[in-house]
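One structure below.
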């Protein structure tokens, strides 16, 4: 498995982004409306990763972007975005590998906390984050575009 840093607007990243948006629509009835600009993931204030299988197909993705105090975020936060593994590659530990690399990159960039938001219709994502040491945020501490949604679950992990 090759894990490579790319820009969020890389053609393979866009291909997987289209797939994750389709999955969000399947699970929630619509895609993620969080505004994302490719520059948000550029080092040193972010990182975007793509995993490729043995024959060169993009199969998993994830990124982090620096966040500062606004919309419920705190100075020093690194927000995880677009964690996704294509269906045929699930169950191989790719999401856990990407998450660990993102956390390490954020720590090395001086970020002090990793935050993320997922939804109630993604129990496998919730299980990954909880088993990776993420702690749920109470309703008053929620952040981001979906902080007022009853389907939203926010998590954090100190680095």
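Numbering (the numbering used here), first residue to last: 26 to 184. C-beta: ideal position from N, C-alpha, C; glycine also.
- Within the region 72-142, the complete alpha helix (DSSP H) segments of 4 residues or longer fall at 119-133, listed in chain order.
- As the crow flies, the alpha-carbon of residue 53 is around 10 Å from that of residue 47.
- If you look at residue 36, you'll find it in the alpha helix (DSSP H) that goes 36-53.
- The way I'd put it, the region 125-138 doesn't touch the region 57-67; fewer than three beta-carbon pairs between them come closer than 8 Å.
- As computed with DSSP, residue 27 is found in a beta bridge with 77.
- Between residue 105 and residue 133, the C-beta spacing is not below 8 Å.
- Boundaries of the alpha helix (DSSP H) harbouring residue 152: 148-156, taken from the DSSP string.
- For the pair of segments examined, the region 82-97 was found not to touch the region 143-156: the number of CB pairs separated by less than 8 Å stays below three.
- In this structure, residue 91 lies away from residue 84, with their beta-carbon atoms at least 8 Å apart.
- Under a 10 Å Cβ-count criterion, residue 137 is classified as exposed, with fewer than 16 other Cβ atoms of the shown protein chains found around its own Cβ.
- Counting only residues of its own chain and dropping the five nearest sequence neighbours on each side, residue 114 has a CB closer than 7 Å to the CB of 78, 84 and 85.
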